[in-house]
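These notes are about the structure you will find just below.
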Amino acid sequence: MATITGTAADDFLNGSLEDDLILGDAGNDTARGGEGNDTIRGADGNDDLLGEIGNDTLFGNDGNDTLSGEDGDDQLTGGQGSDVLRGGRGEDFLKGSQGDDRLIGGANADRLLGGSGNDELFGGNGADLVFGGSGNDVLRGGNGADELQGDNGNDNLAGNKGADDLRGGSGNDILRGGSGRDTLLGGDGDDTLLGGSGNDFLLGNLDNDRLTGAAGADTFGLSSGTGQSTITDFVDGVDRIALFDFSVDPNAQGFALGFSSLAIAQVGNDTTITLNGDLLATLANVQANTITVADFTTTVPDLT
(Lines of atoms letter the chains of each structure in order from A and count residues from 1; the text may use other names and numbers.)
(Lines give C-alpha, C1' and ligand atoms only; values in the text may rest on other atoms or scores of the structure.)
Protein backbone atom coordinates (compact mmCIF):
# COMPACT_ATOMS: atom_id res chain seq x y z
CA MET A 1 0.00 0.00 0.00
CA ALA A 2 1.39 3.37 -1.03
CA THR A 3 1.19 6.29 1.43
CA ILE A 4 0.75 9.76 -0.03
CA THR A 5 1.04 12.72 2.35
CA GLY A 6 0.14 16.35 1.79
CA THR A 7 1.80 19.52 3.06
CA ALA A 8 0.67 22.71 4.77
CA ALA A 9 -0.20 24.16 1.33
CA ASP A 10 -3.27 23.48 -0.84
CA ASP A 11 -2.34 20.11 -2.30
CA PHE A 12 -3.58 17.99 -5.19
CA LEU A 13 -3.00 14.35 -4.23
CA ASN A 14 -3.46 11.46 -6.67
CA GLY A 15 -3.62 7.79 -5.79
CA SER A 16 -2.31 4.92 -7.87
CA LEU A 17 -3.67 1.69 -9.32
CA GLU A 18 -3.09 0.01 -5.93
CA ASP A 19 -4.67 0.38 -2.48
CA ASP A 20 -3.51 3.79 -1.26
CA LEU A 21 -3.43 5.70 2.02
CA ILE A 22 -3.76 9.42 1.27
CA LEU A 23 -3.27 11.88 4.13
CA GLY A 24 -4.07 15.55 3.74
CA ASP A 25 -2.57 18.24 5.94
CA ALA A 26 -3.27 21.91 6.55
CA GLY A 27 -4.72 23.72 3.56
CA ASN A 28 -7.62 23.06 1.22
CA ASP A 29 -6.67 19.78 -0.38
CA THR A 30 -8.01 17.78 -3.31
CA ALA A 31 -7.40 14.03 -3.14
CA ARG A 32 -8.34 11.37 -5.70
CA GLY A 33 -7.99 7.72 -4.85
CA GLY A 34 -7.94 6.27 -8.35
CA GLU A 35 -8.21 2.49 -8.61
CA GLY A 36 -7.93 0.17 -5.63
CA ASN A 37 -9.55 0.20 -2.19
CA ASP A 38 -8.25 3.48 -0.84
CA THR A 39 -8.31 5.29 2.50
CA ILE A 40 -8.34 9.07 2.26
CA ARG A 41 -8.15 11.35 5.28
CA GLY A 42 -8.56 15.10 5.14
CA ALA A 43 -7.19 17.35 7.87
CA ASP A 44 -7.49 21.10 8.47
CA GLY A 45 -9.09 23.09 5.70
CA ASN A 46 -11.97 22.60 3.29
CA ASP A 47 -11.06 19.43 1.47
CA ASP A 48 -12.40 17.72 -1.66
CA LEU A 49 -12.00 13.93 -1.41
CA LEU A 50 -12.90 11.49 -4.21
CA GLY A 51 -12.68 7.75 -3.80
CA GLU A 52 -13.19 6.93 -7.50
CA ILE A 53 -12.86 3.20 -8.40
CA GLY A 54 -12.88 0.60 -5.60
CA ASN A 55 -14.36 0.24 -2.12
CA ASP A 56 -13.01 3.37 -0.48
CA THR A 57 -13.00 4.88 3.02
CA LEU A 58 -13.03 8.68 3.30
CA PHE A 59 -12.73 10.91 6.39
CA GLY A 60 -13.28 14.66 6.16
CA ASN A 61 -11.92 15.78 9.56
CA ASP A 62 -11.89 19.59 10.18
CA GLY A 63 -13.38 22.12 7.79
CA ASN A 64 -16.32 22.10 5.39
CA ASP A 65 -15.47 19.12 3.26
CA THR A 66 -16.89 17.42 0.16
CA LEU A 67 -16.59 13.63 0.03
CA SER A 68 -17.55 11.57 -3.03
CA GLY A 69 -17.34 7.81 -3.08
CA GLU A 70 -18.13 7.29 -6.78
CA ASP A 71 -17.70 3.59 -7.80
CA GLY A 72 -17.73 0.77 -5.25
CA ASP A 73 -19.18 0.22 -1.78
CA ASP A 74 -17.78 3.21 0.07
CA GLN A 75 -17.71 4.53 3.65
CA LEU A 76 -17.76 8.31 4.08
CA THR A 77 -17.47 10.18 7.40
CA GLY A 78 -17.66 13.96 7.53
CA GLY A 79 -16.16 15.11 10.82
CA GLN A 80 -16.33 18.69 12.09
CA GLY A 81 -17.82 21.36 9.88
CA SER A 82 -20.74 21.38 7.46
CA ASP A 83 -19.91 18.67 4.97
CA VAL A 84 -21.34 17.28 1.72
CA LEU A 85 -21.19 13.50 1.29
CA ARG A 86 -22.11 11.76 -1.98
CA GLY A 87 -22.12 7.99 -2.17
CA GLY A 88 -22.34 7.42 -5.91
CA ARG A 89 -22.65 3.91 -7.32
CA GLY A 90 -22.55 0.96 -4.93
CA GLU A 91 -24.02 0.29 -1.48
CA ASP A 92 -22.55 3.10 0.58
CA PHE A 93 -22.45 4.17 4.24
CA LEU A 94 -22.50 7.92 4.85
CA LYS A 95 -22.05 9.47 8.30
CA GLY A 96 -22.29 13.22 8.77
CA SER A 97 -21.00 13.67 12.35
CA GLN A 98 -20.82 17.33 13.54
CA GLY A 99 -22.15 20.35 11.65
CA ASP A 100 -25.07 20.86 9.27
CA ASP A 101 -24.36 18.19 6.70
CA ARG A 102 -25.82 17.17 3.35
CA LEU A 103 -25.80 13.43 2.59
CA ILE A 104 -26.75 12.01 -0.81
CA GLY A 105 -26.95 8.26 -1.27
CA GLY A 106 -27.04 7.18 -4.89
CA ALA A 107 -28.24 4.31 -7.04
CA ASN A 108 -28.29 1.39 -4.59
CA ALA A 109 -29.25 0.47 -1.02
CA ASP A 110 -27.39 3.01 1.09
CA ARG A 111 -27.18 3.79 4.82
CA LEU A 112 -27.16 7.45 5.84
CA LEU A 113 -26.60 8.82 9.35
CA GLY A 114 -26.79 12.55 9.88
CA GLY A 115 -25.30 12.85 13.37
CA SER A 116 -25.51 16.15 15.25
CA GLY A 117 -26.57 19.32 13.48
CA ASN A 118 -29.46 20.18 11.16
CA ASP A 119 -28.83 17.79 8.31
CA GLU A 120 -30.30 17.05 4.87
CA LEU A 121 -30.30 13.39 3.88
CA PHE A 122 -31.34 12.00 0.49
CA GLY A 123 -31.38 8.23 0.03
CA GLY A 124 -31.78 8.17 -3.76
CA ASN A 125 -32.65 4.95 -5.57
CA GLY A 126 -32.64 1.62 -3.78
CA ALA A 127 -33.97 0.50 -0.39
CA ASP A 128 -32.20 2.98 1.87
CA LEU A 129 -31.87 3.36 5.65
CA VAL A 130 -31.85 7.06 6.52
CA PHE A 131 -31.33 8.15 10.14
CA GLY A 132 -31.36 11.83 11.01
CA GLY A 133 -29.82 11.81 14.49
CA SER A 134 -30.03 14.92 16.67
CA GLY A 135 -31.03 18.27 15.21
CA ASN A 136 -33.86 19.41 12.94
CA ASP A 137 -33.29 17.22 9.92
CA VAL A 138 -34.75 16.79 6.43
CA LEU A 139 -34.95 13.16 5.27
CA ARG A 140 -35.94 12.01 1.80
CA GLY A 141 -36.26 8.46 0.50
CA GLY A 142 -36.60 8.11 -3.25
CA ASN A 143 -37.36 5.09 -5.42
CA GLY A 144 -37.51 1.89 -3.41
CA ALA A 145 -38.74 0.75 0.00
CA ASP A 146 -36.92 3.09 2.38
CA GLU A 147 -36.73 3.31 6.17
CA LEU A 148 -36.51 6.86 7.51
CA GLN A 149 -36.00 7.67 11.20
CA GLY A 150 -35.92 11.25 12.39
CA ASP A 151 -34.75 10.66 15.99
CA ASN A 152 -34.40 13.89 18.06
CA GLY A 153 -35.47 17.31 16.81
CA ASN A 154 -38.28 18.64 14.64
CA ASP A 155 -37.76 16.60 11.51
CA ASN A 156 -39.28 16.55 8.02
CA LEU A 157 -39.53 13.09 6.44
CA ALA A 158 -40.75 12.09 2.97
CA GLY A 159 -40.65 8.55 1.63
CA ASN A 160 -41.50 9.39 -2.01
CA LYS A 161 -41.90 6.23 -4.13
CA GLY A 162 -42.05 2.69 -2.76
CA ALA A 163 -43.46 1.07 0.40
CA ASP A 164 -41.66 3.17 3.01
CA ASP A 165 -41.38 3.04 6.81
CA LEU A 166 -41.22 6.51 8.39
CA ARG A 167 -40.66 7.11 12.12
CA GLY A 168 -40.47 10.63 13.47
CA GLY A 169 -38.98 10.02 16.92
CA SER A 170 -39.10 12.87 19.45
CA GLY A 171 -39.99 16.41 18.43
CA ASN A 172 -42.73 17.95 16.31
CA ASP A 173 -42.27 16.10 13.06
CA ILE A 174 -43.81 16.13 9.58
CA LEU A 175 -44.08 12.76 7.81
CA ARG A 176 -45.15 12.29 4.19
CA GLY A 177 -45.42 8.80 2.78
CA GLY A 178 -45.74 9.55 -0.93
CA SER A 179 -46.76 6.78 -3.31
CA GLY A 180 -46.84 3.15 -2.19
CA ARG A 181 -48.10 1.32 0.91
CA ASP A 182 -46.37 3.32 3.65
CA THR A 183 -46.16 3.04 7.44
CA LEU A 184 -45.97 6.34 9.35
CA LEU A 185 -45.27 6.51 13.11
CA GLY A 186 -45.12 9.93 14.72
CA GLY A 187 -43.48 9.32 18.11
CA ASP A 188 -43.17 11.99 20.82
CA GLY A 189 -44.33 15.51 20.03
CA ASP A 190 -47.15 17.09 18.02
CA ASP A 191 -46.73 15.44 14.65
CA THR A 192 -48.32 15.85 11.22
CA LEU A 193 -48.69 12.66 9.17
CA LEU A 194 -49.73 12.55 5.50
CA GLY A 195 -50.04 9.15 3.87
CA GLY A 196 -50.25 10.13 0.21
CA SER A 197 -51.35 7.69 -2.49
CA GLY A 198 -51.51 4.02 -1.57
CA ASN A 199 -53.05 2.10 1.33
CA ASP A 200 -51.12 3.53 4.28
CA PHE A 201 -50.92 2.97 8.03
CA LEU A 202 -50.69 6.08 10.25
CA LEU A 203 -50.12 6.19 14.02
CA GLY A 204 -49.45 9.49 15.74
CA ASN A 205 -48.54 7.96 19.12
CA LEU A 206 -47.73 10.53 21.85
CA ASP A 207 -49.15 14.07 22.22
CA ASN A 208 -51.52 15.80 19.78
CA ASP A 209 -51.15 14.64 16.21
CA ARG A 210 -52.81 15.44 12.89
CA LEU A 211 -53.33 12.49 10.52
CA THR A 212 -54.33 12.66 6.85
CA GLY A 213 -54.51 9.48 4.84
CA ALA A 214 -55.13 11.13 1.43
CA ALA A 215 -55.77 8.72 -1.47
CA GLY A 216 -56.16 4.99 -0.86
CA ALA A 217 -57.76 2.80 1.81
CA ASP A 218 -55.84 3.85 4.90
CA THR A 219 -55.65 2.51 8.46
CA PHE A 220 -55.35 4.92 11.38
CA GLY A 221 -53.87 3.62 14.60
CA LEU A 222 -55.17 4.82 17.97
CA SER A 223 -53.69 4.04 21.36
CA SER A 224 -54.73 4.54 24.96
CA GLY A 225 -52.51 6.47 27.33
CA THR A 226 -50.55 8.30 24.65
CA GLY A 227 -52.23 11.33 23.10
CA GLN A 228 -54.98 12.64 20.87
CA SER A 229 -55.21 12.36 17.11
CA THR A 230 -57.21 14.46 14.68
CA ILE A 231 -58.02 12.43 11.57
CA THR A 232 -58.82 14.91 8.85
CA ASP A 233 -60.17 12.72 6.04
CA PHE A 234 -61.62 9.47 7.43
CA VAL A 235 -63.90 7.87 4.82
CA ASP A 236 -66.50 5.48 6.23
CA GLY A 237 -66.46 2.18 4.36
CA VAL A 238 -63.00 2.81 2.90
CA ASP A 239 -60.62 3.62 5.75
CA ARG A 240 -60.18 1.64 8.97
CA ILE A 241 -59.15 2.24 12.60
CA ALA A 242 -56.84 -0.05 14.60
CA LEU A 243 -56.66 0.08 18.41
CA PHE A 244 -53.59 -0.47 20.57
CA ASP A 245 -52.95 -0.47 24.31
CA PHE A 246 -49.35 0.68 24.68
CA SER A 247 -49.92 1.37 28.39
CA VAL A 248 -49.97 -2.39 28.93
CA ASP A 249 -47.57 -3.56 26.22
CA PRO A 250 -45.36 -1.04 24.35
CA ASN A 251 -45.14 -3.53 21.47
CA ALA A 252 -48.89 -4.25 21.43
CA GLN A 253 -50.27 -5.41 18.12
CA GLY A 254 -53.85 -5.62 16.88
CA PHE A 255 -57.30 -5.14 18.37
CA ALA A 256 -56.12 -4.77 21.97
CA LEU A 257 -58.85 -2.46 23.35
CA GLY A 258 -62.01 -3.63 21.60
CA PHE A 259 -64.85 -1.66 20.05
CA SER A 260 -67.15 -2.18 23.05
CA SER A 261 -64.74 -0.21 25.28
CA LEU A 262 -65.20 2.99 23.27
CA ALA A 263 -67.60 5.91 23.51
CA ILE A 264 -68.42 7.43 20.13
CA ALA A 265 -70.18 10.80 20.08
CA GLN A 266 -71.15 13.64 17.77
CA VAL A 267 -69.52 16.99 18.60
CA GLY A 268 -70.55 19.61 16.08
CA ASN A 269 -69.58 18.36 12.64
CA ASP A 270 -67.07 15.89 14.05
CA THR A 271 -67.04 12.48 15.72
CA THR A 272 -65.06 11.89 18.91
CA ILE A 273 -63.74 8.53 20.10
CA THR A 274 -63.05 8.28 23.83
CA LEU A 275 -61.97 5.57 26.25
CA ASN A 276 -62.85 5.93 29.95
CA GLY A 277 -63.24 9.67 29.46
CA ASP A 278 -59.93 10.10 27.63
CA LEU A 279 -60.15 11.46 24.09
CA LEU A 280 -58.35 9.19 21.62
CA ALA A 281 -59.33 10.80 18.33
CA THR A 282 -61.48 13.28 16.51
CA LEU A 283 -62.79 12.32 13.07
CA ALA A 284 -63.26 15.60 11.24
CA ASN A 285 -66.54 16.04 9.33
CA VAL A 286 -67.75 12.51 10.10
CA GLN A 287 -71.21 11.57 11.43
CA ALA A 288 -71.02 9.47 14.59
CA ASN A 289 -73.97 7.27 13.63
CA THR A 290 -71.98 5.94 10.65
CA ILE A 291 -69.14 4.56 12.81
CA THR A 292 -69.62 0.87 13.61
CA VAL A 293 -67.47 -2.13 14.46
CA ALA A 294 -67.00 -2.61 10.69
CA ASP A 295 -64.79 0.50 10.67
CA PHE A 296 -62.22 -1.20 12.91
CA THR A 297 -59.59 -3.79 12.00
CA THR A 298 -57.06 -6.16 13.50
CA THR A 299 -54.83 -6.09 10.40
CA VAL A 300 -51.83 -3.88 11.11
CA PRO A 301 -48.15 -3.82 10.11
CA ASP A 302 -45.39 -5.00 12.43
CA LEU A 303 -44.39 -1.93 14.47
CA THR A 304 -41.31 -3.37 16.17
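Residues in the sequence shown are numbered from 491 upward in steps of one, following the numbering used here.
For glycine and all other residues, C-beta sits at the position ideal for the given N, C-alpha and C.
For clarity, every value in this text was computed on a predicted model and none was experimentally measured.
query: Could you give the distance in angstroms between the alpha-carbon of Arg657 and the alpha-carbon of Thr794?
result: Within the sequence shown, the letter at position 167 stands for residue 657. Within the sequence shown, the letter at position 304 stands for residue 794. Their Cα atoms are separated by approximately 11 Å.
Helix, strand or coil at Asn698 according to DSSP, with G and I counted as helix: Translated into the one-based positions of the sequence shown, residue 698 becomes position 208. Residue state, collapsed to three classes: strand.
query: To which residues does DSSP link Asn551 through a beta bridge?
result: Locating residue 551 in the sequence shown gives position 61, counting from the first residue. Assignment of beta-bridge partners to Asn551 by DSSP yields no partner.
query: What whole-angstrom Cβ distance do Arg531 and Phe549 have, given they're in contact under 8 Å?
result: Residue mapping note: residue 531 aligns to position 41 of the sequence shown, counting from 1. Residue mapping note: residue 549 aligns to position 59 of the sequence shown, counting from 1. About 5 Å; that satisfies the 8 Å criterion.
- request: Counting only the same chain and skipping the five closest in sequence on each side, list residues whose C-beta sits under 6 Å from that of Asn646.
  value: Stepping through the sequence shown from its first residue, residue 646 is reached at position 156. Beyond the five residues adjoining it in sequence on each side, Asn646 comes within less than 6 Å, by CB distance, of Val628 and Ile664 in the same chain, given in chain order.
- request: Below 7 Å CB to CB, which residues in the same chain sit around Asp590 once its five sequence neighbours on both sides are set aside?
  value: If you number the sequence shown from 1, residue 590 lands on position 100. Only Ser572, Gly607, Asn608 and Asp609 meet the Cβ criterion.
field: Gly667 beta carbon less than 9 Å from that of Gly649
entry: Stepping through the sequence shown from its first residue, residue 649 is reached at position 159. Stepping through the sequence shown from its first residue, residue 667 is reached at position 177. Yes.
task: In angstroms with no decimal places, state the Cα-to-Cα distance between Gly535 and Ala521.
output: Within the sequence shown, numbered from 1, the residue matching residue 535 stands at position 45. Within the sequence shown, numbered from 1, the residue matching residue 521 stands at position 31. In a straight line, the C-alpha of Gly535 is about 13 Å away from that of Ala521.
- request: Could you spell out the range, first to last residue, of the beta strand (DSSP E) harbouring Ser558?
  value: For the purposes of this step, residue 558 is taken as the residue at position 68 of the sequence shown. Per DSSP, Ser558 belongs to the beta strand (DSSP E) from Thr556 to Ser558.
- prompt: Whose CA, out of Arg592, Asp509 and Ser669, lies closest to the CA of Gly604?
  reply: Here residue 604 refers to the residue found at position 114 of the sequence shown. With distances taken between CA atoms, Gly604 lies nearest to Arg592 out of Arg592, Asp509 and Ser669.
Whether Phe710 touches Leu696 by CB criterion (9 Å): Walking along the sequence shown from the start, residue 710 turns up at place 220. Walking along the sequence shown from the start, residue 696 turns up at place 206. Judged by their CB atoms, Phe710 and Leu696 are not nearer to each other than the 9 Å cut-off.
- prompt: Span of the beta strand (DSSP E) holding Asp726?
  reply: Start at 1 with the first residue of the sequence shown, and residue 726 comes out as number 236. From DSSP, Asp726 is part of no beta strand (DSSP E); its letter is neither H nor E.
task: Note down the Cα distance separating Ile560 from Gly703, rounded to an integer number of angstroms.
output: Here the question's residue 560 lines up with position 70 in the sequence shown. Here the question's residue 703 lines up with position 213 in the sequence shown. According to the sequence as given, residue 560 is Glu; it is not Ile. Separation of Glu560 and Gly703 (C-alpha to C-alpha, rounded to the nearest whole angstrom) is 38 Å.
field: Cβ-Cβ distance between Gln565 and Asn551 below 9 Å
entry: If you number the sequence shown from 1, residue 565 lands on position 75. If you number the sequence shown from 1, residue 551 lands on position 61. A distance of 9 Å or more separates the beta carbons of Gln565 and Asn551.
Three or more C-beta pairs below 8 Å linking the segment 537-547 and the segment 513-527: Counting C-beta pairs closer than 8 Å gives three or more between the segment 537-547 and the segment 513-527, which meets the contact rule.
- prompt: If we count the other Cβ atoms within 10 Å of its Cβ and call it buried at 16 or more, is Glu581 buried or exposed?
  reply: As a first step, residue 581 is located in the sequence shown; it is residue number 91 there, counting from the start. Under this definition Glu581 is a buried residue.
query: In three-state DSSP terms, what is Asp538?
result: The residue labelled residue 538 in the question sits at position 48 within the sequence shown. In this structure, Asp538 counts as strand in the three-state DSSP scheme.
- request: Count the other C-beta atoms from every protein chain shown that fall within 10 angstroms of the C-beta of Gln756, then say buried if there are 16 or more, exposed otherwise.
  value: In the sequence shown, counting from the first residue as 1, residue 756 sits at position 266. The residue in question, Gln756, is exposed, as its Cβ has fewer than 16 Cβ neighbours within 10 Å.
field: Exposure label - Leu507; buried when at least 16 CB within 10 Å
entry: Here residue 507 corresponds to residue number 17 of the sequence shown, with the count starting at 1. Using a 10 angstroms sphere on the CB of Leu507, the tally of other CB atoms stays under 16, which defines it as exposed.
query: From Arg579 to Ala597, what does the alpha carbon distance come to, in whole angstroms?
result: Sequence index remark: in the sequence shown, residue 579 carries index 89 (1-based). Sequence index remark: in the sequence shown, residue 597 carries index 107 (1-based). The straight-line gap from Cα to Cα measures roughly 6 Å.
query: Which full runs of the beta strand (DSSP E) of 3+ residues lie inside the segment 629-680, going along the chain?
result: The segment 629-680 contains these whole beta strand (DSSP E) runs: 637-639, 646-648, 655-657, 664-666 and 673-675.
message: Less than 9 Å between CB atoms is the rule here; does Ile763 satisfy it with respect to chain D?
response: In summary, chain D is missing from the structure at hand, where a single protein chain is found.
task: Would you mind stating whether Ala771 and Thr716 have Cβ atoms separated by less than 9 Å?
output: Along the sequence shown, read from residue 1 onward, the residue named residue 771 stands at position 281. Along the sequence shown, read from residue 1 onward, the residue named residue 716 stands at position 226. Not in contact: Ala771 and Thr716 (Cβ atoms no closer than 9 Å).
- request: For Ala778, name the three-state secondary structure that DSSP assigns.
  value: Indexing the sequence shown from 1 puts residue 778 at position 288. Here Ala778 sits in helix by DSSP.
message: Spatial neighbours of Gly496 within its chain, please: C-beta separation below 6 Å, excluding the five flanking residues on both sides.
response: Counted from its first residue, the sequence shown places residue 496 at position 6. Excluding five sequence positions before and after Gly496, the CB atoms of its chain that fall closer than 6 Å to its own CB belong to Leu503, Gly514, Asp515 and Asp519, given in chain order.
query: Can you name the residues that DSSP bridges to Val620?
result: Here the question's residue 620 lines up with position 130 in the sequence shown. Answer is Leu602 and Leu638.
- prompt: Is it right to say Ser713 is buried, meaning 16 or more other beta carbons lie within 10 angstroms of its own, or is it exposed?
  reply: Residue mapping note: residue 713 aligns to position 223 of the sequence shown, counting from 1. Buried: at least 16 other Cβ atoms inside 10 Å.
task: Starting from the C-beta of Gly634, find all residues in its chain whose C-beta is less than 8 Å away, skip the five residues before and the five after it, and write them out in chain order.
output: By 1-based counting over the sequence shown, the position of residue 634 is 144. So the qualifying residues of the chain are Ala599, Gly613, Asn615, Gly616, Ala617, Asp618, Lys651 and Gly652.
task: Tell me Phe786's beta-bridge partners as DSSP assigns them.
output: Here the question's residue 786 lines up with position 296 in the sequence shown. Here Phe786 is bridged, per DSSP, to Ile731.
Own chain, CB closer than 8 Å to Met491, minus 5 neighbours either side, in chain order: Start at 1 with the first residue of the sequence shown, and residue 491 comes out as number 1. The beta carbon of Met491 sits closer than 8 Å to those of Glu508, Asp509, Asp510 and Leu511, all from its chain and outside the five residues before and after it, given in chain order.
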